[in-house]
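Visitor: Residue numbering for the sequence shown is -22 to -1, 1 to 112, as defined by mature numbering (1 follows the signal peptide of the UniProt record, and there is no 0).
Every residue, glycine too, gets a C-beta built ideally from N, C-alpha and C.
The following block contains the structure, expressed as structure tokens.
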Amino acid sequence: MSIQTKKFIVPIVIAASLTLSACGTKQDDAKEKKETTSASMQGAKEMKQTLKDLKEQLKAKKTDEVKEAGEQLEKSWESFEDGVKDKDAALYEKVETPLHTIEAGAKSAPLDVKTLTKAAEQLDAVLSDVEKLK
């Protein structure tokens, strides 16, 4: 093979390598975005179910169960909150505000049913927006 031919082959091989590696990056980014969206949707659904249970426990004034539900909400939120924060910081803050109210209120005795119910309703509404996050 002549030196002239080698001069053409090397840039072609390098260009092909760069092109192929860039394609993998785009696919990885798309896959990661899809996984984050899926985690956000699933996490929001789990939290909404916990909120439904929390509201029932508040009506029955079951202090221990309310406390457990508050802890479960935080645990669920931790599993996907970074994805929400990266996609929509304002929405992230809208979740944090009522969630912190619920966490703190669930630990206090006696329960402030009115405040906790209001925070649960606010969080439920915001979680509907989180489910739609893309």
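Whose CA, out of L51, Q100 and E71, lies closest to the CA of M25?
Guide: Taking the first residue of the sequence shown as 1, we reach residue 25 at position 47. If we check each option's Cα against that of M25, L51 comes out closest.
Visitor: For the alpha helix (DSSP H) containing L101, name the first residue and the last one.
Guide: Start at 1 with the first residue of the sequence shown, and residue 101 comes out as number 123. Taken as a continuous stretch (DSSP letters only), the alpha helix (DSSP H) holding L101 covers V91 to K110.
Visitor: Which residue wins for smallest C-alpha separation from D102, given the options D66, K37 and T28?
Guide: The sequence position of residue 102 within the sequence shown is 124, counting from 1. Out of D66, K37 and T28, T28 has the C-alpha closest to the C-alpha of D102.
Visitor: Under three-state DSSP, which class holds K40?
Guide: Stepping through the sequence shown from its first residue, residue 40 is reached at position 62. Reduced to three states, the DSSP call for K40 is coil.
Visitor: What do you get for residue 118, buried or exposed, if any count of 16 or more other CB atoms within 10 angstroms of its CB means buried?
Guide: Here the chain comprises residues numbered -22 to 112, so residue 118 is not present and cannot be evaluated.
Visitor: Between which two residues does the alpha helix (DSSP H) harbouring A84 extend?
Guide: Residue numbering aside, residue 84 sits at position 106 when the sequence shown is read from its first letter. Per DSSP, A84 belongs to the alpha helix (DSSP H) from A67 to K85.
Visitor: Residues in the same chain with beta-carbon distance under 7 Å from S18, minus the five sequence neighbours each way, listed in chain order, please.
Guide: Mapped onto the sequence shown, residue 18 falls at position 40. Around S18: F58, G61, V62, V108 and L111.
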